[in-house]
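So the sequence shown is residues 4 to 514, counted in the working numbering. A virtual CB, placed ideally from N, CA and C, is assigned to each residue, including glycine. Bear in mind the structure is a predicted one, so any value in this text is a computation, not a measurement. Data first, discussion second: the structure below is written as structure tokens.
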Amino acid sequence: MRLNRRQFIAGGMAAPMLARTPAKDGAYIGGARQFLDTMIEKGTDRYGRKHTPVFCLSLDPETYSPAKAPDKVDWKYRRNFEWLFRDYGYYWKSHLHSANLIYDQGTMRALYALTEVSGDKRYARAADAYLDFFLENCVSEQTGHFGWGEHVFYNVFTDYIIGGAFGVRSVNKFSYNHEFERWTTIYDLFWPKSPEKTLAEIEAVYDYKIHDPETFINNRHSDYYSGRVTGDTLTFIKHSGLFAHAWTFAHSKTGDPKFQQWARKAADLFWGYRDTRTNLVRGCVQRHDEPVAPEELAQLALFLMRAYQWEPDQLYLDRSLAYLRAYHAHFMVGPGKYRKEVATDGTDKKPGRLAELWEGPLRMAKAAALAYSLSGDATLLEMADDVVSQYTPEMTFSSVVQRSLVSDEIEARNVALGTTIDLYEATGNRKYLDKAQVLATDALRRFLYRGLLVSSMQLHPEGDKSARTKVYDARTGAGWLALNLIRLQRDTDATDAGRFRKFDRLERIYD
């Protein structure tokens, strides 16, 4: 069966479904299907007194259950939020025994995409059930905030929302802070189900995170139950981009001018703190001496362009282009070579030291590919091509998902894969399809294990770092990898059939 880009769900742009039988699956969509089948059949919440359709955030691939599951859910378990840290690395119990939709956003898109290209409604039904349960059980009646993010979870053993513990060894400190993560939010999937709750969540961002309505100084944290958090106020660059995206989405749906005003102010916030000589800006307003954080700047540029795709206000695109061009001008020192640390005035803070491809250069390449598609700026195409050309499957990555000991190789390799697919769709150059196929084959070989897309995890925070285990962890962005495998199959099939045409503009696919 051949897939057509007009018959593929992307960012809420649905089209007629096309029938397909599993027996005819290509390798890429077949890998995605294995993962999604496993999550539906073995990865849902089968614990506690109430079984639910949400997916467990973390699974042991040998048992398909959360690691360190309690023998019984009693008073001791409900109160003791510390004991797991001692014998399972830096895992918060709140992560280990939770479901958290913010990390399953890519999986939701992949489920809908697989139904779209296969005609099998089971996948969309699984996504619907998850989202419906979330809207019914994980939305604060006090604030309207969704119960998701790095600090708020649905515990599958206790059957209720819990707060995340910050202490990784011996200190108990619980937080119910609502906070966005590093992917553009799936509000378009919520909207058909509950416009009221979707708008309440988006309005809560302004009500409880914006501390100054003129400057739009904000706190990335706000409490799920009580709203505004006045302590630990830090205004980070990526969140401003996510806020702008949320409000442009709301404006596109309602026409209410307040959302447009809020979005423009969010886009202006860090622009006002940039060095006007370079257009480079630090990653946090309150941390005055910080250098540029290229991975965060890339996310701001990407999120502003996703806002632009909802509402074609030139401001969002112009800001993104300026940031990407500034990175190209002040970080790139030669083919495949990017400075490790640069001050906002353009000074090389670590002369002679170069950045690894992950995370800054690869995230910049992802944003640059979209920027080229939207603007036609050949310099940004060259930058994206330069980074992708340097990337090979043999590269290794030593970094981990923040506040864990779980490798973030899935996310690193998936960003490279997604960028390469973007470049093929934006240019039609066959070299990008060939490379994407190599990267996808390598990813399936590395990560697909017993039906799950698994990562490597160091077992102990100190001591023997060679003691590792395999784990499925949604925080690695495994669902986005599944989505990109489906995208790649579509493009491969269309190319083999002689029907592929480069896209006028890249789709509103989220990443």
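Problem set entry | Bridge-paired residues (DSSP) for Ser121 | Counting from 1 along the sequence shown, the entry for residue 121 is found at position 118. DSSP, once it has assigned bridges, lists no residue as partnering Ser121.
Problem set entry | Given Asp494 as reference, the closest of Ala443, Arg406, Arg280, His100 once Cα atoms are compared | What you label residue 494 is simply residue 491 of the sequence shown in a count that begins at 1. Cα-wise, what sits closest to Asp494 is Ala443.
Exercise. Using CA coordinates, which residue listed in Asp28, Phe193, Ser410, Trp186 is at the minimum distance from Glu139?
Worked result: Start at 1 with the first residue of the sequence shown, and residue 139 comes out as number 136. The shortest C-alpha separation from Glu139 is found at Phe193.
For this session: Inspect the beta-carbon positions of Tyr375 and Ala429 and report whether they are closer than 7 Å.
Result: Indexing the sequence shown from 1 puts residue 375 at position 372. Indexing the sequence shown from 1 puts residue 429 at position 426. In contact: Tyr375 and Ala429 (Cβ atoms closer than 7 Å).
Exercise. Between which two residues does the alpha helix (DSSP H) carrying Met367 extend?
Worked result: If you number the sequence shown from 1, residue 367 lands on position 364. Where Met367 is concerned, the enclosing alpha helix (DSSP H) stretches over 363-378.
Exercise. Leu455 to Phe58, Cα distance in whole Å?
Worked result: As a first step, residue 455 is located in the sequence shown; it is residue number 452 there, counting from the start. As a first step, residue 58 is located in the sequence shown; it is residue number 55 there, counting from the start. Looking at the two C-alpha atoms, the distance is approximately 12 Å.
Exercise. With DSSP run on the structure shown, which of helix, strand or coil describes Ser518?
Worked result: The shown model of the chain, from 4 to 514, leaves out residue 518, and the question about it has no answer.
Exercise. For the putative contact between Glu219 and Ala269, defined by C-beta atoms under 8 Å, what is the C-beta separation to the nearest angstrom?
Worked result: Walking along the sequence shown from the start, residue 219 turns up at place 216. Walking along the sequence shown from the start, residue 269 turns up at place 266. Correcting the residue type first, residue 219 is Phe in the shown sequence and not Glu. Right, their Cβ atoms sit about 6 Å apart.
Exercise. Thinking just about the alpha-carbon of each residue, which of Asp467, Lys434, Ala358, Thr422 is nearest to the one in Arg490?
Worked result: Position 487 of the sequence shown, counted from the start, is the residue given in the question as residue 490. Comparing Cα-Cα distances from Arg490 to each of Asp467, Lys434, Ala358, Thr422, the minimum goes to Thr422.
Exercise. What residues match up with Gly466 in a beta bridge as DSSP calls it?
Worked result: For the purposes of this step, residue 466 is taken as residue 463 along the sequence shown, with counting starting at 1. Beta-bridge pairing links Gly466 to no other residue.
For this session: Name the one or two DSSP bridge partners that His181 has.
Result: Residue numbering aside, residue 181 sits at position 178 when the sequence shown is read from its first letter. Ser225, per the DSSP bridge assignment.
Exercise. Could you check where the beta strand (DSSP E) with Thr281 kicks off and where it finishes?
Worked result: Numbered from 1 along the sequence shown, position 278 holds the residue referred to as residue 281. Premise fails: Thr281 is in no beta strand (DSSP E) and is neither H nor E.
For this session: Would you check if the segment 270-284 and the segment 315-332 touch, i.e. whether three or more CB-CB distances between them fall below 8 Å?
Result: Taking a cut-off of 8 Å for Cβ pairs, the segment 315-332 and the segment 270-284 touch, as three or more such pairs fall below it.
Problem set entry | Anticipated Cβ contact below 8 Å, Ala370 with Ala419, distance rounded | Looking up residue 370 in the sequence shown gives position 367. Looking up residue 419 in the sequence shown gives position 416. Between Ala419 and Ala370 the Cβ distance is about 14 Å, and since that is not below 8 Å, they are no contact.
Problem set entry | Reduced DSSP secondary structure (H/G/I, E/B, other) of Ser410 | In the sequence shown, counting from the first residue as 1, residue 410 sits at position 407. Strand, per DSSP.
For this session: From the DSSP output, in three-state form, read off Asp63 for me.
Result: Locating residue 63 in the sequence shown gives position 60, counting from the first residue. In this structure, Asp63 counts as strand in the three-state DSSP scheme.
Exercise. With distances taken between CB atoms, is the gap from Leu484 to Ile413 smaller than 7 Å?
Worked result: For the purposes of this step, residue 484 is taken as residue 481 along the sequence shown, with counting starting at 1. For the purposes of this step, residue 413 is taken as residue 410 along the sequence shown, with counting starting at 1. The answer is yes: Cβ separation under 7 Å.
For this session: Please determine, among Tyr427, Phe450, Arg453, Thr472, the residue with the shortest C-alpha to C-alpha distance to Phe503.
Result: One-based indexing of the sequence shown puts residue 503 at position 500. Out of Tyr427, Phe450, Arg453, Thr472, Tyr427 has the C-alpha closest to the C-alpha of Phe503.
Exercise. Is Arg511 helix, strand or coil by DSSP?
Worked result: Numbered from its first residue, the sequence shown carries residue 511 at position 508. Residue state, collapsed to three classes: coil.
For this session: If I'm right that Gln289 touches Thr238 with Cβ under 8 Å, what's the distance once you round it to whole angstroms?
Result: Numbered from 1 along the sequence shown, position 286 holds the residue referred to as residue 289. Numbered from 1 along the sequence shown, position 235 holds the residue referred to as residue 238. Their Cβ separation, rounded to whole angstroms, is 6 Å, which keeps Gln289 and Thr238 in contact under 8 Å.
Exercise. Would you call the CB atoms of Arg511 and Gln312 closer than 7 Å?
Worked result: Taking the first residue of the sequence shown as 1, we reach residue 511 at position 508. Taking the first residue of the sequence shown as 1, we reach residue 312 at position 309. Cβ atoms of Arg511 and Gln312: closer than 7 Å.
Exercise. Hey, Gly244 and Leu307 are a contact pair by Cβ (cut 8 Å); roughly how many whole angstroms apart?
Worked result: Taking the first residue of the sequence shown as position 1, residue 244 is located at position 241. Taking the first residue of the sequence shown as position 1, residue 307 is located at position 304. Contact holds; Cβ gap of about 5 Å.
Exercise. DSSP on Lys505, reduced to helix/strand/coil?
Worked result: Reading the sequence shown from its first residue, position 502 is the one you call residue 505. DSSP places Lys505 in coil when its eight states are reduced to three.
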